[in-house]
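*Asks:* Residue numbers (our numbering): 731 to 900.
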Ligand code: RP5
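#1: Could you check whether residue 858 and residue 865 sit closer than 8 Å to each other, using their CB atoms as the reference points?
#2: Return the chain-ordered list of same chain residues with a C-beta closer than 7 Å to the C-beta of residue 773, the five sequence neighbours on each side being excluded.
#3: Kindly list the residues whose CB is nearer than 8 Å to the CB of residue 744, restricted to its own chain and excluding five residues on each side of it in sequence; keep chain order.
#4: Going by DSSP in three states, residue 731 sits in which element: helix, strand or coil?
#5: Taking the runs of the alpha helix (DSSP H) that are 4 residues or longer, which of them lie wholly in the segment 803–888?
#6: Give, in chain order, every unbroken run of the beta strand (DSSP E) that is at least 3 residues long and sits entirely within the segment 747–786.
#7: Taking 7 Å as the cut-off, does the CB of residue 776 come closer than this to any heavy atom belonging to the ligand RP5?
#8: In chain order, what residues of the same chain lie with their CB nearer than 7 Å to the CB of residue 783, ignoring the 5 residues before and after it?
#9: Check for me: the beta strand (DSSP E) holding residue 798 runs from which residue to which?
#10: For the segment 833–852 against the segment 875–887, do three or more pairs of beta-carbon atoms, one drawn from each stretch, fall closer than 8 Å, so that the two count as touching?
#11: If I measure Cβ to Cβ from residue 830 and keep anything under 8 Å in the same chain, skipping five residues before and after, which residues do I get?
#12: Since residue 806 contacts residue 771 with CB under 8 Å, what's their CB separation in whole angstroms?
#13: Would you call residue 881 buried or exposed, if buried means 16 or more other Cβ atoms sit within 10 Å of its Cβ?
#14: State the Cα-Cα distance for the pair residue 765 and residue 738, rounded to the nearest angstrom.
#15: To the nearest angstrom, report how far apart residue 827 and residue 870 are at their CA atoms.
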């Protein structure tokens, strides 16, 4: 990759880490450097600010922020940077993640957060969306993304191939 272009993942709680490992898996597969930090918008707001403000100096080009219940973490991250911020609403609350979804997606005009699906699908897509942003400037990420899509198509086609369901004779 020409010059450092890293993705920073912030999680509101250690309990969020297993879900965001899906984003890590995607970034690893696409060869994109990343970091993951735990910082809470309401329990450790100064730590959030420190991580985000220091991001560009560490080569961070895109932030992913994930939390459950009130996901104000994504908005708080976006408040401290003009780099793209992708919010991942997490489930597990009595409201099943709809609370996190609405608090992530409903940013007032002026400070955007790109919002993906609730939970693991969202974590995967956050990694892919971060890659798509980086692909504009980094041809090797573009190539890796295209290969990811091709492989995905291949796997789906293979699964739909009737020959796979044929029971071998004997
Ligand atoms: C949010 O509340 C976290 O992001 C987590 O999803 C949820 C529960 O947090 P813990 O009680 O597990 O720390 O702040």
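All C-beta atoms, glycine included, are put in the ideal place defined by N, C-alpha and C.
The structure presented is a predicted model; accordingly, all values stated were derived computationally and were not measured.
*Replies:* Answer, in terms of the structure:
#1: Locating residue 865 in the chain shown gives position 135, where the first residue counts as 1. Locating residue 858 in the chain shown gives position 128, where the first residue counts as 1. Not closer than 8 Å, so no.
#2: Taking the chain shown and counting its residues from 1, the one referred to as residue 773 is at position 43. If the five residues before and after residue 773 are omitted, its C-beta is found closer than 7 Å to no C-beta atom of its own chain.
#3: The residue you call residue 744 lines up with position 14 of the chain shown. Taking C-beta separations shorter than 8 Å and ignoring five residues to either side along the sequence, the partners of residue 744 in its chain run 768, following chain order.
#4: Taking the first residue of the chain shown as position 1, residue 731 is located at position 1. Legend: pLDDT at residue 731 = 44, less than 50; position of this residue unreliable, value from coordinates given subsequently. Here DSSP, grouped into helix, strand and coil, assigns residue 731 to coil.
#5: Within the segment 803–888, the complete alpha helix (DSSP H) runs of at least 4 residues are 828–835, 850–865.
#6: Counting only runs of 3 or more, we get 764–768.
#7: Reading the chain shown from its first residue, position 46 is the one you call residue 776. Distances between the C-beta of residue 776 and the heavy atoms of the ligand RP5 are all 7 Å or more.
#8: Within the chain shown, numbered from 1, the residue matching residue 783 stands at position 53. Sequence-distant partners of residue 783 (beyond 5 residues in either direction) whose C-beta falls short of 7 Å from its own C-beta, in its chain, are 810.
#9: Walking along the chain shown from the start, residue 798 turns up at place 68. Here the beta strand (DSSP E) through residue 798 covers 790–798.
#10: The segment 833–852 vs the segment 875–887: no contact.
#11: Residue numbering aside, residue 830 sits at position 100 when the chain shown is read from its first letter. Result list for residue 830: 797, 798, 799, 800, 801, 819, 820, 821, 823, 848, in chain order.
#12: Here residue 806 corresponds to residue number 76 of the chain shown, with the count starting at 1. Here residue 771 corresponds to residue number 41 of the chain shown, with the count starting at 1. Yes, they are in contact, since the Cβ atoms of residue 806 and residue 771 sit about 4 Å apart, within 8 Å.
#13: Numbered from 1 along the chain shown, position 151 holds the residue referred to as residue 881. Around the beta-carbon of residue 881, fewer than 16 other beta-carbon atoms lie within 10 Å, marking it exposed.
#14: On the chain shown, position 35 is the one that residue 765 refers to. On the chain shown, position 8 is the one that residue 738 refers to. Rounded to the nearest angstrom, the gap between the Cα atoms of residue 765 and residue 738 is 5 Å.
#15: As a position in the chain shown, residue 827 is number 97, starting the count at 1. As a position in the chain shown, residue 870 is number 140, starting the count at 1. It is roughly 35 Å from the alpha-carbon of residue 827 to the alpha-carbon of residue 870.
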